[in-house]
Structures are given as C-alpha cells and as structure tokens.
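Heads up, the thing below is written out as structure tokens.
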Amino acid sequence: MTTASPSPATASTSPATASSSDALTASAPRPVARRRRPRISGWHFVLAPLALLFVIPFAQMVLASLSPAGELVKFPPPFIPSRLTLDGFVQLFATTDVLRWLLNSTVVSAIAIVGHVILCSLAGYGFARLRFKGRNMGFFLIVATIMIPTQLLMIPTYVLFSQIGIIDTLAAAFVPWLASAFGIFLMRQFFLTLPTELEEAASLDGANRLQIFLRVVLPLARPAIATLAIFTLLSSWNDLIWPLIAINDDSIFTVQLGIANFQGARRTDWSLLMAGNVIATLPLVLFFLFAQKQFVATMTMSGLKG
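Heads up: the sequence shown begins at 352 in this note's numbering, then just goes up one per residue.
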C-alpha cells in the first residue's frame with residue numbers, strides 16, 4: 352500500500368497562488384480609518400465656566416427653598432444652608448392653592464401651545480408655498496409687528512377683551528398666545544427649507560393641498576413644531592404682567608400670579624417664595640429635557656435664515 356504524494360505541478364503552483372493573493376491583498380485599497388473627534392475641545396473650557404454662571408442662580412434658589420426660614424433673612428444670606436428642611440414646601444402646599452394655580456397654568460399653556468402650533472403652522476405654510484396677491488406685503492406687515500412693544504398692546508387688548516366678556520377668566524390668559532408674528536415667521540422659514548419635490552410627488556399621487564400639508568409637510572416639521580411649543584410654553588407659563596391685569600379672581604390665578612402674592616411691599620415670605628419658584632420651574636425643566644433634541648435639530652436645519 353502506497354501513500355499518494357502531491358503532484359509536482361500542484362506543488363509548484365501553490366506558492367505562486369499564495370504570492371499572487373498576497374499581492375492582491377497588498378494592492379487592495381485599505382479602508383480609511385475614521386478619525387475620532389476628541390470628546391473634550393477648547394470650547395468646553397470656555398463654555399463650562401459660562402454654564403456654571405447660569406446654573407448658580409438656580410442652585411441658590413433650590414438651596415434657599417431647602418433652608419430654614421430664619422437663615423433666609425440673614426444678610427448676607429448663606430449660600431449653603433446649615434441644615435436641609437422641607438418646611439417651605441410643606442407650608443406651601445398646606446396654606447396656599449398652589450395645586451390649583453399649577454392646574455390653571457397647565458390649562459393655559461396647553462391651550463396656548465395647541466392653538467399656537469396649529470394657527471402658526473397654517474399661516475407659515477400659506478406664506479411659504481401658496482401664491483396669492485399681496486403675500487410678501489402681508490408677511491412683511493406681520494413680521495413688522497414684532498417691533499411693537501407688548502406694553503403698547505395691553506390697553507387695546509384689555510378693552511377688546513372687556514367688550515367680548517372674557518376678562519377675569521382663563522380665556523383672557525391664553526387667547527393672546529394663540530398666534531404670534533414670531534411663530535408665523537419661524538414656521539415659514541422652516542417650510543421654505545423643505546424640498547418642493549416631495550409635495551409635487553404627493554400631488555401626482557392625487558393628494559390635495561390639505562392632505563399634503565397634514566401627511567407630508569407636518570411630519571417633517573416636527574423639529575420646528577417642538578421649538579415653537581417650547582417658546583410658547585416658556586412665554587405663557589412665565590407670563591406675569593398680562594394675568595396681573597386681566598385676572599382678579601383668586602380661583603383662576605396662574606402659578607406665577609399666585610407666587611407674586613408672596614412678595615409684599617412690607618414683608619416677603621422668602622421660604623414660600625423660593626419653594627414656589629422651584630415648583631413653578633420644575634415643569635419647564637422637564638419639558639425642555641424632553642424636547643431639547645428637536646430644539647437643537649431645528650436650529651441646525653433652519654438656522655432662522657430668510
């Protein structure tokens with residue numbers, strides 16, 4: 352019995368095949384290694400101290416809300432309390448209608464956000480896509496109203512609301528936020544960045560203008576809608592001057608209006624004031640953390656360019 356040995360031909364071609372494959376491997380283009388960006392750049396050393404400057408007032412507010420009442424009247428007030436206590440929050444919920452004020456502010460802000468987004472989206476889309484006589488002049492006049500100080504509009508608004516009978520109601524707090532020139536401007540600028548080919552393709556498929564707006568344009572405008580919702584929430588939630596003029600009934604106070612009553616001409620209840628400000632700020636922080644990704648995306652895509 353003999354063992355089969357490799358043929359000379361096979362033995363002579365194996366090194367050549369190996370050398371050719373090595374040559375092909377050596378000559379093949381190697382994938383370019385992606386350069387990783389450093390996680391820490393010079394801008395971090397510039398922006399981090401600035402961020403701390405903006406955080407200090409909020410940190411002081413939170414620490415003051417957890418301080419004993421006697422330490423808040425000292426001068427200068429200590430930044431770090433000697434001990435932490437929740438007495439201010441307990442007194443706030445036990446002696447005031449802060450829950451009702453929070454509910455009123457939530458209702459006002461929710462209606463303002465929904466109305467603001469709907470009306471400004473419709474108006475912005477009309478100025479961006481529809482062709483009609485006087486479109487540019489109308490848009491210019493609307494944008495020009497941004498330069499009018501809000502204080503000049505309060506007296507005519509109060510007279511108008513008195514004539515239609517909504518003064519001293521929650522409607523008086525949210526109706527001024529249902530539409531704004533800035534919202535129309537923001538939505539128009541975003542709609543101009545969308546390619547018209549998408550709407551033309553939907554039109555060829557048989558969709559009418561309203562269907563195109565609802566099914567094609569609005570889903571793409573979620574970053575702009577989120578940004579407009581954030582601005583509307585911040586403005587309507589923190590508004591104090593107009594509710595102070597239009598609302599007198601304690602049962603329909605907004606949270607800012609209720610907290611303002613803690614500060615009097617002769618005496619200020621700092622413990623209630625700090626605890627109330629923390630409670631009033633918390634919903635805004637949570638909403639911003641939820642929508643900050645959409646907010647940054649809008650600023651990157653649209654850039655608020657004309």
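All C-beta atoms in this analysis are idealised placements derived from N, C-alpha and C, irrespective of residue type, glycine included.
Given residue i as reference, the closest of the options once Cα atoms are compared
i    : options                : result
P432 : V424, P419, I506       : P419
A631 : T436, W452, V424, G393 : W452
A580 : G489, L545, I462, G421 : I462
I576 : V441, Q540, N599       : Q540
I535 : I518, I506, F491       : F491
T457 : L435, V647, L595, S586 : S586
V606 : L521, A495, S554       : L521
Local conformation of residue i per DSSP, three classes
i    : result
T619 : strand
L375 : Bear in mind that a pLDDT of 47 at L375, under 50, signals an unreliable position, so the number given afterwards is only what the model happens to contain. In the structure shown, L375 sits in a helix (DSSP, three-state: H, G or I).
F639 : helix
K644 : helix
S531 : coil
Alpha-carbon spacing of residue i relative to residue j, whole angstroms
i    : j    : result
V510 : I464 : 24 Å
H395 : A402 : 10 Å
N455 : I407 : 30 Å
I598 : P500 : 21 Å
E422 : M505 : 40 Å
P604 : T578 : The sequence given here places Phe at residue 604; Pro does not occur at that position. Using only the alpha carbons, I get a separation of about 27 Å.
D519 : D600 : 7 Å
K644 : F483 : 36 Å
L450 : W621 : 19 Å
T664 : V567 : Absent from the model: residue 664. The displayed extent of the chain is 352 to 657, so no value can be given.
Cβ separation of residue i and residue j, assumed to be a contact under 8 Å, to the nearest whole Å
i    : j    : result
F542 : G475 : 6 Å
D448 : G609 : 7 Å
L529 : G466 : 4 Å
L623 : Q442 : 6 Å
V629 : S472 : Contact doesn't hold; Cβ gap of about 34 Å is too wide.
P594 : A524 : 5 Å
Span of the alpha helix (DSSP H) around residue i
i    : result
I596 : 592-597
A474 : 449-480
R486 : 486-495
T436 : That residue, T436, is in no alpha helix (DSSP H); it is neither H nor E in DSSP.
S586 : 573-589
P400 : 393-416
V510 : 501-515
A613 : Here the sequence assigns Phe to residue 613, which means Ala is not the residue at that position. Run containing F613: none; DSSP gives neither H nor E here.
L423 : Here L423 belongs to no alpha helix (DSSP H), and DSSP marks it neither H nor E.
L561 : 560-563
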